[in-house]
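Have a look at the structure below, then the notes.
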Amino acid sequence: MTEKTADQLVMDLMNLQARIQKRTGGALSAHGLGLSDYFVLNQLYISPSQKMRRNELAERVGLSPSGITRLLNPLEKIGLVEKESNPRDARVSLVTLSVQGKRVYEEAKVSFSEVSRLVFEPLDATQRSNFAQLLKALL
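If you count the sequence shown from 1, you need to add 6 to reach the working numbering.
Shown next as structure tokens:
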């Protein structure tokens, strides 16, 4: 087997990413969520108080401040998140996972986990471990 070039590896990674996005997107749509919505709910869910500053949330999910605002507005409208002012600093706004948002996230997580399991099903435990090490080195 010939050694793959960096270009080929990047193309393969992009192809894998597209496949994963398609599968996870389909599973999450059954819960009324897109992948970015899920990432936001996940970050809020794992936050100790299930509350985060808007700019910190944007950074964690890889969005600009305006991008996170555009994403949060519909989530707030359907009751999955709540916005509130920071009592210590009026310039800072907080985003909280609502009770309904927590329920929807927990249901969506089951679907996300099942797709994740299926994505890596072709690999045995050693291959998954090696893949995780390689990803860690690249990230």
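Backbone N, C-alpha and C define an ideal beta-carbon position, used for all residues, glycine too.
When C-beta atoms of the segment 16-36 are compared with those of the segment 111-121, three or more pairs fall below 8 Å, so the two segments count as touching.
The Cβ atoms of Val-46 and Val-67 sit closer than 8 Å to each other. The segment 15-30 and the segment 53-73 do not touch, with fewer than three beta-carbon pairs separated by less than 8 Å. When C-alpha distances from Lys-89 are compared across Glu-113, Gln-56, Ala-138 and Met-20, the shortest belongs to Gln-56. Rounded to the nearest whole angstrom, the CA to CA distance from Met-20 to Val-98 is 36 Å.
The segment 105-113 makes no contact with the segment 121-141; the number of CB pairs closer than 8 Å stays below 3.
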